[in-house]
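Here is the structure we will look at, set down as C-alpha cells.
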Amino acid sequence: MFLPQWRLSVRNLVNAITKQSQQKQRQFILKRYVAEYLRYRPLLETAPIREAIEKMRLPGYPYCHPEEGDLLYLLLQEIEGEACLEMGFHTGSTALYMSNAVAARDGRVTSVCLDVGKDATRGKKLLSDNGFSARHRLIQINSNRAVPELFLANEKFDFIFMDGWKTLDHLMMELYYINQMLRTGGAIVFDDSFMPSVRAAIRLLKRYYGYTEVDYKMYRQTKKLRLFQILTSRTLYRPYRALIKSVDTEAQIPIRDWHFYRPV
Ligand SMILES: C[S@@+](CC[C@H](N)C(=O)[O-])C[C@H]1O[C@@H](n2cnc3c(N)ncnc32)[C@H](O)[C@@H]1O
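Quick note: the sequence shown uses my numbering, first residue 6, plus one each step.
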C-alpha cells in the first residue's frame with residue numbers, strides 16, 4: 006500500500022516510541038525482579054519494632070532501616086549490653102531498637118539530641134506507646150556539653166550509636182570521651198559511615214585505639230544485602246559500621262604515650 010511520506014514518518018515515530026517504552030518496561034521489570042531477589046529479609050523477633058515504627062512513620066524522616074535495626078538488635082544480644090547511649094534521637098526509631106534489645110536485661114537507653122517540640126515528642130511517643138519511657142533518658146542539649154557531662158559523672162556504657170553531628174572535629178571531640186565511657190568488649194556503631202569524616206573517625210579507632218570491626222555476616226548482613234546497598238547507594242562504602250572496643254582504655258597507645266601522633 007502506498008503511503009505518503011508524512012504518514013510514513015509518523016508510523017516510524019510511533020514504532021520507535023513503542024519499542025522504547027517496551028524496552029523501558031523490560032528494564033523496569035528486571036530492576037524490580039533484582040530488587041525483590043536482593044531485598045533484606047528482617048528478623049522475626051524485630052517485627053513488632055518495625056510495626057511500631059510503620060504506625061508512626063512520616064515521609065522524609067530519618068527512620069532506621071530494618072537491616073540496620075537488626076544489626077543493632079543482634080549486636081546488643083551478642084555483647085549482652087545493658088547501658089546504651091546514642092547521639093541523635095529524632096524519630097526515636099534507633100532508641101526503640103536498642104530499648105527492645107536491652108529490655109530483658111533491665112537495660113537503659115540515653116539519647117542526646119537537639120530536637121525540641123514536635124521533633125522530639127514524636128520519638129518520645131514512639132517509646133512510650135511501646136512501654137519504654139521508663140527505660141529512656143532524653144538529653145536535649147548539644148552533645149559538646151552533654152558528652153563531657155556524662156563523662157564527668159563517671160557514666161559507663163556497653164553500646165554507643167553515633168548518629169548526631171558528623172563533622173570530623175565534632176566526632177573526634179565526642180570520641181575522646183566516648184572511648185573512655187565505653188566498656189571493653191562493648192560496641193560502637195556509626196551511621197552514615199560513607200561520609201569522609203565518619204570514615205576518618207573509624208580509622209582512628211581501628212588503627213590507634215585497638216577497635217576491631219565486627220564480622221557483618223554474623224548479624225544478617227548478607228552478601229545479597231551488601232550488593233543491594235552498593236547498587237542503591239552507588240558507593241562501595243558501607244552505610245553503617247560497627248566496631249568492638251577490644252583494648253582497655255589504659256592500654257591504648259594514644260592514652261599511654263604522650264609522644265604518640267599519627268595522621269588519621
Ligand atoms: C539523623 S538524626 C538521628 C536519627 C535517629 N537515629 C532516628 O532513629 O531517628 C540526627 C540527630 O542528631 C541530632 N544532633 C545533631 N547535631 C547535634 C549536636 N551537636 N548535639 C546533639 N545532637 C545533635 C539531631 O537533633 C538529630 O536528633
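Here a beta-carbon is modelled for each residue, glycine too, at the ideal position from N, C-alpha and C.
Let's test the definition: count the other Cβ atoms within 10 Å of the Cβ of residue i and tell me whether it reaches 16, buried, or not, exposed.
i      : result
Phe195 : buried
Gly190 : exposed
Asn20  : exposed
Leu79  : buried
Lys229 : exposed
Ile146 : exposed
Phe137 : buried
Ala139 : exposed
Arg46  : exposed
Met103 : buried
Arg16  : exposed
Ile22  : exposed
Gln226 : buried
In the DSSP assignment, find the unbroken beta strand (DSSP E) run with residue i in it and report its ends.
i      : result
Met167 : Phe162 to Met167
Looking only at DSSP bridge pairs, what is residue i linked to?
i      : result
Thr217 : Ile249
Thr115 : Leu90 and Arg142
So residue i is in the alpha helix (DSSP H); what residue range does that whole segment cover?
i      : result
Thr189 : Per DSSP, Thr189 belongs to no alpha helix (DSSP H); it is in the beta strand (DSSP E), Leu187 to Asp196.
Val269 : Taken as a continuous stretch (DSSP letters only), Val269 belongs to no alpha helix (DSSP H), as it is neither H nor E.
Lys130 : Lys123 to Asp134
Arg55  : Ala52 to Met61
Lys229 : Lys228 to Ser238
Lys36  : Gln10 to Leu43
Pro259 : Ile258 to Arg261
Asp120 : Note, Asp120: premise wrong, no alpha helix (DSSP H); not H, not E.
Asn105 : Ser98 to Ala108
Glu83  : Pro71 to Ile84
Glu154 : Ser148 to Leu157
Counting only beta-carbon atoms, is residue i nearer than 8 Å to chain B?
i      : result
Asp253 : In the structure shown, chain B cannot be found, because there is only a single protein chain.
If I measure Cβ to Cβ from residue i and keep anything under 6 Å in the same chain, skipping five residues before and after, which residues do I get?
i      : result
Arg208 : Val269
Leu48  : Asp75
Gln82  : none
Gly93  : Cys118, Asp168 and Gly169
Tyr66  : Thr96
Ser116 : Glu91, Phe94, Ala100 and Leu143
Pro259 : Tyr213 and Phe265
Val252 : Gly215
Go through its chain and collect everything with a Cβ distance to residue i's Cβ below 7 Å, but skip five positions before and after it.
i      : result
Glu160 : Met186
Arg62  : Tyr68
Suppose the cutoff is 8 Å on Cβ atoms and the five residues either side in sequence are ignored; what does the same chain contact list for residue i look like?
i      : result
Asn184 : Leu210, Tyr214, Lys250, Thr254 and Gln257
Lys171 : Asp197, Met200, Ser202 and Val203
Leu180 : Ala206, Leu209 and Leu210
Ala241 : Contrary to the premise, residue 241 reads as Leu rather than Ala in this sequence. Once the five neighbours on either side are set aside, the close Cβ partners of Leu241 are Ile235.
Met177 : Ala206 and Leu209
Leu232 : Leu43
Thr51  : Pro71, Gly74, Asp75, Tyr78, Tyr102 and Asn105
Arg273 : There is simply no residue 273 to check, as the chain begins at 6 and stops at 269 in what is shown.
Asp120 : Phe94, His95, Gly128 and Gln145
Discussion item. With a threshold of 8 Å, are at least 3 pairs of Cβ atoms found where one atom belongs to the region 120–127 and the other to the region 159–169?
Written reply: no
Discussion item. For the region 26–39 against the region 52–61, do three or more pairs of beta-carbon atoms, one drawn from each stretch, fall closer than 8 Å, so that the two count as touching?
Written reply: no
Worksheet item: Three or more beta-carbon pairs under 8 Å between the region 69–85 and the region 140–155, yes or no?
Response: no
Worksheet item: Okay, do the region 89–106 and the region 35–45 touch, 3+ Cβ pairs below 8 Å being the bar?
Response: no
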